[in-house]
Each structure stands twice: as C-alpha cells, then as structure tokens.
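Participant: Numbering (full-length UniProt numbering), first residue to last: 1 to 86.
Ideal Cβ placement from N, Cα and C applies to all residues, glycine included.
First the structure, then my questions, so here it is.
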C-alpha cells in the first residue's frame, strides 16, 4: 500500500480493455506480496480492496510473513524438476 498507516492494505485492479462480453463469474488470482513489510512473526490483517460489478468490495485475511527458505534447502531441491527444457 502507498498508505504508510495501512501498509497491509492492497488493491486489485484489472483493465479489461473494453471487454465486456460473457457472463460475470468468480475467478482466481495470485499476488506477489514481496513488497509488503515483514510482519516479524506477527499475524496482521491484510485488507484486499477491489471494484466488482456490484460496487466496491473488501475482504480481510490473516497474514504472516513466512520465513524464507534457502534455495538449496532439501524442502525445495527434493521436489525440483531437473528436466532440461529448450
């Protein structure tokens, strides 16, 4: 968030570039939260804002920064693909 008072308030925006055809439906999105401040082990409220077809909406989630996992840890390397792609 650009608001220093509410660093865990984020806004979802989508530009449909004029595409208004089809049926309104639920969807799934993912966010990279790397730019949020570290919660230092505390659980905070993460507030998501968006504009729906029915107006402005918000949802709150419990959020806690996870501890980083080194890239060479067994938790990662044991499941990593070793296929060479061209």
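Are the beta-carbon atoms belonging to residue 64 and residue 45 less than 8 Å from one another?
Facilitator: No, Cβ-Cβ distance for residue 64 and residue 45 is not below 8 Å.
Participant: What are the start and end residues of the beta strand (DSSP E) that includes residue 33?
Facilitator: Unbroken run through residue 33: none, as it is neither H nor E.
Participant: What are the residues that DSSP puts in a beta bridge with residue 59?
Facilitator: Residue 59 is bridged to 48.
Participant: Between 9, 72, 84, which has its C-alpha nearest residue 107's C-alpha?
Facilitator: Shown here, the chain extends from 1 to 86; a query on residue 107 therefore has no answer.
Participant: Quick one: what's got a C-beta closer than 6 Å to residue 50's C-beta in the same chain, skipping five residues either side?
Facilitator: 12, 57, listed in sequence order.
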